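These notes are about the structure you will find just below.
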Amino acid sequence: GLLAYSPLAQGYLSGKYQNGALPKGSRKELFNRLQRYETPGADNAIESYLAIAKKYGIDVSQLANQFVTTRPFVTSNIIGATTMAQLKLAVTSVDVDLTDEIVAEIEAVHARAPNVCP
């Protein structure tokens with residue numbers, strides 16, 4: 001199976017870099033090598049994923065982690081947490097129930113914008 005690496009796209013799918021934000025101590029601030037996620041297509045897709053999470057009252061990082069984890073071809077999901085709060089969100093993402101409706105909305109975003117971060 002697939003070993004999924006960086007299910008949060010180096011933090012972009014957490015929403016913390018939204019609108020050009022650069023949180024102190026973030027990977028982007030420390031290393032600034034994450035330009036692959038800074039494309040108009042990526043911005044639009046990220047906004048859509050954030051909207052889905054908000055619509056269903058799910059933390060977006062948990063939405064992303066659980067989506068990756070529940071794909072039948074994924075053997076394991078490598079999370080990257082820099083704080084205890086991030087680790088707790090990642091670990092408890094297994095408790096998030098992704099309904100068929102939520103998965104369909106996530107897949108629709110991907111169908112509109114596949115591989116926006118080559």
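As numbered in my numbering, residues 1 to 118 make up the sequence shown, in order.
In this text, a Cβ means the ideal position worked out from N, Cα and C, and glycines have one as well.
This structure is a prediction, so every number in the text was calculated from the model and none was measured.
Secondary structure at asparagine 115: coil, using DSSP grouped into helix, strand and coil. Between the alpha carbons of tyrosine 5 and proline 118 lies a distance of about 14 Å. Relative to glutamate 38, the option among Val74, Thr75, Tyr17 and Phe67 whose CA is nearest is Tyr17. Apart from sequence neighbours up to five positions away, the residues of its chain that approach leucine 87 with a beta-carbon distance below 8 Å are Ile79 and Ala81, ordered along the chain. Excluding sequence positions up to five before and after alanine 53, its CB lies within less than 7 Å of the CB of Asp59, Val60 and Leu63, all in the same chain and listed in chain order. Within 10 angstroms of the beta-carbon of proline 7 lie 16 or more other beta-carbons, which makes it buried.
If you compare the alpha carbons of Pro72, Gly1 and Asn65 with that of alanine 9, the shortest gap goes to Asn65. Taking all protein chains in view, the Cβ of leucine 89 is crowded by 16 or more other Cβ atoms within 10 Å, so the residue is classified as buried.
Here glycine 20 is exposed, its C-beta having fewer than 16 other C-beta atoms within 10 Å.
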